[in-house]
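Visitor: First to last, the sequence lines map onto chains A and B. So in the numbering used here the end of the first sequence lands on 335, straight run, no missing numbers. So in the numbering used here the end of the second sequence lands on 377, straight run, no missing numbers.
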Amino acid sequence: MTDLLTPDEAEALLLSLRVSFVAVFAALPFAVAAALWLSRTRFPGKVVIDGLIHLPLILPPVAVGFLLLVLLGTRGGLGGWLYQSFGIRFVFSWTGAALASALITFPFQVRAIRLALEGADPGLDAAAETLGAGWWDRLVNLTLPLAFPGIVAGLITAFAASLGEFGAIITFVSNIPGETRTLPLAIYSALQSPGGEAEAARLSLISILLALLFMTLAELAQRRMKR
Amino acid sequence: MSLEVALEHRFGAFALDVAFGIERACVTALFGPSGAGKTSVVNAVAGLFKPRIGRIVVDGRVVLDTEADVFVPARARRTGYVFQDARLFPHMNVEDNLRFGWRRAAHRMDEHAIEGVVDMLGLARLLERRVAKLSGGEKSRVALGRALLSSPDILLLDEPLAALDAGRRAEILPYLERLKETGLPMLYVSHNVDEVARLADEVVMIADGKVTAQGSVFDLLTGLGVAAVGAVLETRIVAQRDGLTVLGFDGGELVVPEVERARRVRLRAEDIMLAREEPRAISANNVLPATVVAVAPHGAQADVLLAMGKARLVARITQASARRLELSPGVPVFAVIKTVIIDP
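(1) Which of the three DSSP states, helix, strand or coil, is assigned to residue 243 of chain B?
(2) Taking residue 207 of chain B as the reference, which of B/159, B/245 and B/155 has the closest Cα?
(3) If you reduce the DSSP assignment to three classes, tell me which class residue 273 of chain B lands in.
(4) For a contact meaning CB atoms closer than 7 Å, what does residue 124 of chain B contact in chain A?
(5) For the alpha helix (DSSP H) that contains residue 223 of chain B, what are its first and last residues?
(6) Within 8 Å of any Cβ in chain A, is that where the Cβ of residue 365 of chain B sits?
(7) Quick one: measure Cβ to Cβ for residue 127 of chain A and residue 201 of chain A, integer angstroms, because I've assumed they're closer than 8 Å.
(8) Let me see if you follow: with CB-CB separation under 8 Å, is residue 77 of chain B close to chain A or not?
(9) Going along chain A, which residues have a C-beta under 9 Å from residue 183 of chain B?
(10) Would you mind reading off the limits of the beta strand (DSSP E) that contains residue 52 of chain B?
(11) So, are the CB atoms of residue 222 of chain A and residue 147 of chain A less than 8 Å apart?
(12) Under 8 Å between the Cβ atoms of residue 254 of chain B and residue 229 of chain B?
(13) Helix, strand or coil, according to DSSP, for residue 142 of chain B in the structure here?
(14) Using the rule of at least 16 other Cβ atoms within 10 Å of the residue's Cβ for burial, across every protein chain shown, is residue 118 of chain A buried or exposed?
(15) Quick check on the burial criterion: 16 or more other C-beta atoms within 10 angstroms. Buried or exposed for residue 46 of chain B?
(16) I want to know whether the stretch 53-60 of chain B touches the stretch 283-290 of chain A - three or more CB-CB distances under 8 Å.
(17) Helix, strand or coil for residue 332 of chain B? Go by DSSP, reduced to three states.
(18) Please determine if the stretch 87-96 of chain B and the stretch 133-150 of chain B are in contact, where contact requires at least 3 C-beta pairs separated by less than 8 Å.
(19) Looking at chain A, which residues of the stretch 74-102 of chain B have a Cβ within less than 9 Å of any of its Cβ atoms?
(20) For a contact defined as C-beta to C-beta under 8 Å, what are the partners of residue 184 of chain A on chain B?
(21) Which class does residue 318 of chain B belong to by DSSP, given the choice of helix, strand or coil?
(22) Could you give the distance in angstroms between the alpha-carbon of residue 56 of chain A and the alpha-carbon of residue 263 of chain A?
(23) Along the chain, where does the beta strand (DSSP E) containing residue 88 of chain B start, and where does it finish?
(24) Here's the rule I'm using: 16 or more other beta-carbon atoms within 10 Å means buried, otherwise exposed. How should residue 378 of chain B be labelled?
(25) For the candidate residues B/145, B/150 and B/124, whose alpha-carbon lies nearest to that of residue 248 of chain A?
(26) Go ahead and pull the three-state DSSP assignment for residue 317 of chain A.
(27) According to DSSP, which residues form a beta bridge with residue 131 of chain B?
(28) Where does residue 249 of chain A sit, in a helix, a strand or coil, going by DSSP?
(29) Got a sec: is the Cβ-Cβ distance from residue 50 of chain B to anything in chain A below 8 Å?
(30) Along the alpha helix (DSSP H) that carries residue 162 of chain A, what are the first and last residues, could you check?
(31) Under the assumption that residue 265 of chain B contacts residue 250 of chain B (Cβ atoms under 8 Å), give the Cβ distance between them as a whole number of angstroms.
(32) According to DSSP, is residue 200 of chain B part of a helix, a strand, or is it coil?
(33) Along chain B, in chain order, which residues have C-beta atoms closer than 8 Å to that of residue 231 of chain A?
(34) State the DSSP-derived secondary structure class of residue 125 of chain B, mapped to helix, strand or coil.
(35) If you check the beta carbons only, do residue 284 of chain A and residue 312 of chain A fall under 8 Å apart?
(36) Going by C-alpha to C-alpha distance, which of B/298, B/73 and B/118 sits closest to residue 197 of chain B?
Structure, rendered in structure tokens:
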């Protein structure tokens with residue numbers, strides 16, 4: 109890799125992969141819970157909750173980043189408390205980049221999992237119940253395994269989308285080489301420096317290849333689900 | 034084993050108001066047309082549906098009593114449910130499906146019980162098979178085995194044969210008969226009189242959400258009862274000869290196409306011919322002396338109830354024939370039944 113990329117570029121690529129990986133897997137349990145909640149229950153105001161979950165899809169990412177900064181900055185209410193009490197700090201840290209990515213790509217995961225859950229035959233759940241399986245038992249041994257292709261598709265789509273996140277990251281955790289400078293931020297930085305076009309082009313090409321790879325994987329997972 | 038069911042519920046314009054009790058019955062059929070509410074009754078027994086008002090007692094155990102606020106959830110009811118559409122778990126193979134309920138049973142059978150059920154249902158070859166690769170009949174058998182292995186107090190079968198074609202039905206029925214011999218109580222939902230005649234001991238007839246009749250299968254399906262089908266005879270094997278089987282019943286013997294095991298025989302009223310004198314030189318193998326008990330005319334036809342020992346048979350003939358033969362209660366006749374017409 110070092111032959112193709114400069115150390116800085118390689119660093120940006122690896123950081124991007126790490127941030128996205130942590131983002132999607134940390135969000136996964138919450139996405140499963142949200143998808144279960146939305147697919148299994150009916151309650152007044154469900155439309156609002158549904159809209160809130162999907163909000164990051166429509167909102168400008170910069171706005172999401174700004175909201176996170178207000179909420180979780182060390183001088184923000186929640187962020188200040190976390191920093192004072194536990195020493196947990198998201199701003200200027202790669203974990204903050206992961207948090208921003210997780211939030212932005214959360215709707216992708218919820219959508220895919222919810223589709224899989226709603227496509228499952230509710231009769232199977234009833235059958236498992238008559239065979240003595242309780243709620244948690246059915247969730248772990250029936251519902252989630254049956255939704256597995258959907259979960260995988262959601263993970264991959266969210267991962268691919270996360271690799272491209274720019275606005276929320278740069279607003280929330282800034283652009284620090286080796287810490288928060290992911291691929292899109294590296295491309296932006298390269299363009300800001302004179303003669304950086306070649307670097308930007310190389311990084312863009314990597315981004316395109318990664319996006320293609322993951323979208324293909326997601327499509328394959330979706331097809332498996334339909335079978 | 035006793036079963037007590039009483040429910041009231043409204044589904045839009047459809048009102049379900051069903052009550053029946055079974056003192057001691059092996060197989061109870063809920064018999065009636067589609068849409069009569071039979072499945073809702075079974076779902077209530079299984080705990081998959083909670084009626085507005087109801088009380089259900091299975092073998093002395095109250096599993097539902099809306100007045101006393103008792104509702105035992107489905108997972109703790111110990112009912113084995115065989116659904117019409119099998120509902121096997123598609124992400125598991127046959128063996129894992131079979132073990133699903135076994136593993137979760139309150140009183141788990143020992144490992145050998147699995148082999149026993151696998152043998153009884155002929156599943157040995159299928160254990161490693163994926164569910165998607167099973168035929169309809171195989172799916173039914175696996176669903177049956179899965180329910181059995183959950184050590185249920187009662188087995189609920191909701192039209193387990195309805196989704197199968199005639200050939201598959203004939204393939205599964207003997208398994209259900211074998212299951213019946215194990216003595217496990219069953220509540221069997223069906224709209225098919227053949228299945229009910231072959232399997233049921235007690236019949237609860239349901240139409241439009243109400244119980245219209247209840248009684249033993251012999252009372253309801255034979256004689257001039259509400260759902261008369263001709264005759265239902267409990268038989269034993271007397272002899273095997275010339276590729277035919279002689280079955281004995283309370284009142285005579287019947288020559289039928291070769292069968293290996295004694296079983297219930299159902300005769301259709303239309304298939305029974307009557308003669309005043311004993312016909313000789315006739316191809317029919319069965320010429321059985323009987324006495325006319327009653328003649329019930331309807332339209333151009335007449336149903337003639339016959340007594341043959343303890344057995345009751347109904348022959349459906351034309352009014353014209355009934356007049357010509359001067360049939361009336363007490364008249365001795367011969368019932369003529371062709372062997373080939375009897376389902377083996």
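Heads up, the beta-carbon is just placed ideally off N, CA and C, and yes, glycines get one too.
Guide: Taking the structure as given:
(1) strand
(2) B/155
(3) strand
(4) 253 and 254
(5) Per DSSP, residue 223 of chain B belongs to no alpha helix (DSSP H); it is in the beta strand (DSSP E), 219-223.
(6) no
(7) Not really, about 11 Å apart at Cβ, beyond 8 Å.
(8) no
(9) 238, 239 and 240
(10) 47-55
(11) yes
(12) yes
(13) coil
(14) exposed
(15) exposed
(16) no
(17) coil
(18) no
(19) 76, 79, 80 and 81
(20) Here the premise fails: no neighbours, minimum Cβ distance about 45 Å.
(21) coil
(22) An answer regarding residue 56 of chain A cannot be provided, because it is not within the stretch 109 to 335 covered by chain A.
(23) 86-91
(24) No answer is possible for residue 378 of chain B: it lies beyond the span of chain B, which begins at 34 and ends at 377.
(25) B/124
(26) helix
(27) Note: residue 131 of chain B sits in no beta bridge, so no partner.
(28) helix
(29) no
(30) 154-166
(31) 6 Å
(32) helix
(33) 116, 118 and 120
(34) coil
(35) no
(36) B/118
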